[in-house]
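> If you use my numbering, the sequence shown closes out at 310, no skipped numbers anywhere.
From the three backbone atoms N, C-alpha and C, an ideal C-beta is built for every residue, glycine too.
One structure, as structure tokens, below. Some questions next.
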Amino acid sequence: MGSNSPPEGTWFSQGTNPDTNFDTFDTWTEKDEIYSDVHKRTFASDKYLRGSVLGQGGWSIVYKTRRVEDGKILAGKASTSVNQLYKETKMLRTLSHFIELYKELDKEDATLLITELCTEGTLHMRINHAPGGMGKEEILLATSQISDALAYLHGRGYFHSDIKPRNILVRRLDPISVALADCADCKVHDSYRGRPGGTPNYWSPEMTANNRHEGKSDDIWALGISLLGMTGQWPQCEKTKAGFARYPRQCANHAQQLQKLNPRNKIVKLLMRLLAWRARERITAEKCYEATVSLLEEMKGGEESVGTEGLRIKSPEEFRPISFW
């Protein structure tokens, strides 16, 4: 991991939830041309064309965007809050070298945050649709890249505040390459005092108990919940206020049961370190990165693990995987 420069290609602003049809994701279609003609009424640019919508969040819309100069397909984020877009641009520019904020003079609503396009969807989609589930190497690669990015972010005094598979974009498969999205919500560690953001079933025990962010350890907990998903071990969450309040304990208990059933499984051991109940006992992002790299080294020259069954993780008898919810 390079501490002086950001992990290459690990920071994007493609959208909060770009779970869409990716069959024509990286090509400019007739449908995009029609949308572009409509958008020209409010976004008359000789540099970029806005096509179909790729994703939409609370304050922004992400469009398939075509650069006129060379036809390259990119992601362009427009926002109802230009100040929020400026904030995200400032954050991303500290993390990446290929960010552009395009603005038309005297037209604040014609502002686009331009980034590279991730054409393989989200990690959430990969978890749900990988044939047979995600395999061991793929899980470790994704986890190493996420933890590497978090180590860089944490090392500069920030925490992400909304780590989850829907906010992790897949640039390519075989081998998998992932990128963190939604960096506009990054917060300064030890100084943020506002109400907690993020997604309730990824909240740490401290967030649930105190209704506020703890900081970097919140990201680590959320990475642990994401790793549960990658291994096919998400406990079912009741989508009510009481259900969300119980969920951290559900996940911690499930990880402890997995450890009892799989005492030698190193991915389960990593899960336990990510989902330690007390924030101060959780592994750091840097140590998580080192652990995953070490496990990847151990795999070299060994038998290839295929799908979730290849993880050889025994589940508690009462556990119901997501396909049975």
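Which whole-angstrom value describes the C-beta separation of Leu126 and Ile161, a residue pair presumed to lie in contact below a C-beta threshold of 8 Å?
Counted from its first residue, the sequence shown places residue 126 at position 141. Counted from its first residue, the sequence shown places residue 161 at position 176. About 5 Å separates the two Cβ atoms, so the contact holds.
> Measure the alpha-carbon distance for Leu70 versus Gly287 and round it to whole angstroms.
Taking the sequence shown and counting its residues from 1, the one referred to as residue 70 is at position 85. Taking the sequence shown and counting its residues from 1, the one referred to as residue 287 is at position 302. Rounded to whole angstroms, Leu70 to Gly287 spans 46 Å at the Cα level.
> At which residue ranges does the segment 279 to 307 contain complete beta strand (DSSP E) runs of 3 or more residues, listed in the order of the chain?
With a minimum length of 3 residues, no continuous beta strand (DSSP E) run stays inside the segment 279 to 307.
> Rounded to a whole number of angstroms, what is the C-alpha to C-alpha distance between Gly61 and Val47?
Taking the first residue of the sequence shown as 1, we reach residue 61 at position 76. Taking the first residue of the sequence shown as 1, we reach residue 47 at position 62. Approximately 6 Å between the Cα atoms of the pair.
> Who does Lys62 pair with in a DSSP beta bridge?
Position 77 of the sequence shown, counted from the start, is the residue given in the question as residue 62. The partner list for Lys62 (beta bridge, DSSP) reads Val47 and Leu98.
> Reducing DSSP to helix, strand and coil, say where Leu90 ends up.
Working through the sequence shown from its first residue, we reach residue 90 at position 105. Legend: pLDDT at Leu90 = 47, less than 50; position of this residue unreliable, value from coordinates given subsequently. Coil.
> Taking the alpha carbon of Gly36 as the point to measure from, which residue in Arg157, Thr27, Lys25 and Lys49 has its own alpha carbon closest?
In the sequence shown, residue 36 corresponds to position 51, counting from 1. Comparing Cα positions, the closest option is Lys49.
> Counting Cβ pairs closer than 8 Å, one from the segment 233 to 243 and one from the segment 258 to 272, do we hit at least three?
Because the criterion of three Cβ pairs below 8 Å is met, the segment 233 to 243 and the segment 258 to 272 touch.
> Extract the residue ranges of the alpha helix (DSSP H) inside the segment 192 to 275, only unbroken runs of 4 or more that lie entirely within it.
Counting whole runs of 4 or more residues, the segment 192 to 275 contains the alpha helix (DSSP H) stretches 201 to 215, 226 to 246 and 251 to 259.
> With DSSP as the reference, label Ser30 as helix, strand or coil.
Translated into positions along the sequence shown, residue 30 becomes position 45. If DSSP states are grouped into helix, strand and coil, Ser30 belongs with coil.
> Counting pairs of Cβ atoms below 8 Å between the segment 147 to 155 and the segment 289 to 299, do you hit three or more?
Flag = no, the segment 147 to 155 and the segment 289 to 299 do not touch.
> Phe10 bridges to which residues according to DSSP?
The residue given as residue 10 occupies position 25 in the sequence shown. Paired residue(s): none; Phe10 is not in a bridge.
> By the three-class DSSP mapping on this structure, what secondary structure does Thr107 have?
Residue mapping note: residue 107 aligns to position 122 of the sequence shown, counting from 1. Note: Thr107 maps to strand in three-state DSSP.
> Helix, strand or coil, according to DSSP, for Gly37 in the structure here?
Numbered from its first residue, the sequence shown carries residue 37 at position 52. Residue identity check: residue 37 is Ser in the sequence provided, not Gly. Ser37 falls in the strand class under three-state DSSP.
> Can you name the start and end residues of the beta strand (DSSP E) that Val23 belongs to?
Looking up residue 23 in the sequence shown gives position 38. Unbroken run through Val23 is the alpha helix (DSSP H), Glu15 to His24; no beta strand (DSSP E).
> What is the C-beta distance between Tyr143 and Lys172, in whole angstroms, given that I count them as a contact (C-beta under 8 Å)?
Stepping through the sequence shown from its first residue, residue 143 is reached at position 158. Stepping through the sequence shown from its first residue, residue 172 is reached at position 187. Going by Cβ atoms, the distance from Tyr143 to Lys172 rounds to 7 Å, so yes, they are a contact pair.
> Check whether the Cβ atoms of Cys168 and Glu105 sit closer than 8 Å, and answer yes or no.
For the purposes of this step, residue 168 is taken as the residue at position 183 of the sequence shown. For the purposes of this step, residue 105 is taken as the residue at position 120 of the sequence shown. Their beta carbons are not under 8 Å apart, which means Cys168 does not touch Glu105 by this criterion.
> Are Thr216 and Ile252 close, meaning C-beta to C-beta below 8 Å?
Your numbering for residue 216 matches position 231 in the sequence shown. Your numbering for residue 252 matches position 267 in the sequence shown. Yes, the pair counts as a contact, with Cβ atoms nearer than the cut-off.
> For Ile161, which of helix, strand or coil comes out of DSSP?
Along the sequence shown, one-based indexing puts residue 161 at 176. If DSSP states are grouped into helix, strand and coil, Ile161 belongs with coil.
> Give a yes or no on whether the C-beta atoms belonging to Ser146 and Asp170 are separated by under 8 Å.
Here residue 146 refers to the residue found at position 161 when the sequence shown is read from its first residue. Here residue 170 refers to the residue found at position 185 when the sequence shown is read from its first residue. Yes, Cβ-Cβ distance for Ser146 and Asp170 is below 8 Å.
> Hey, Lys201 and Asn247 are a contact pair by Cβ (cut 8 Å); roughly how many whole angstroms apart?
The sequence position of residue 201 within the sequence shown is 216, counting from 1. The sequence position of residue 247 within the sequence shown is 262, counting from 1. That belief does not hold up - the Cβ atoms of Lys201 and Asn247 are roughly 28 Å apart, past 8 Å.
> Rounded to a whole number of angstroms, what is the C-alpha to C-alpha distance between Gln242 and Asp159?
Here residue 242 refers to the residue found at position 257 of the sequence shown. Here residue 159 refers to the residue found at position 174 of the sequence shown. C-alpha separation (whole angstroms): 32 Å.
> Identify, in the order they occur along the chain, each residue of the same chain with its Cβ nearer than 6 Å to the Cβ of Glu191, setting aside the five sequence neighbours on each side.
As a first step, residue 191 must be located in the sequence shown, where it is residue number 206. So the list reads Glu199 and Ala264, once near-sequence residues are dropped.
> Which residues in the same chain have their Cβ closer than 6 Å to the Cβ of Leu281, if we skip the five residues on either side of it in sequence?
By 1-based counting over the sequence shown, the position of residue 281 is 296. Correct list, in chain order: Leu125.
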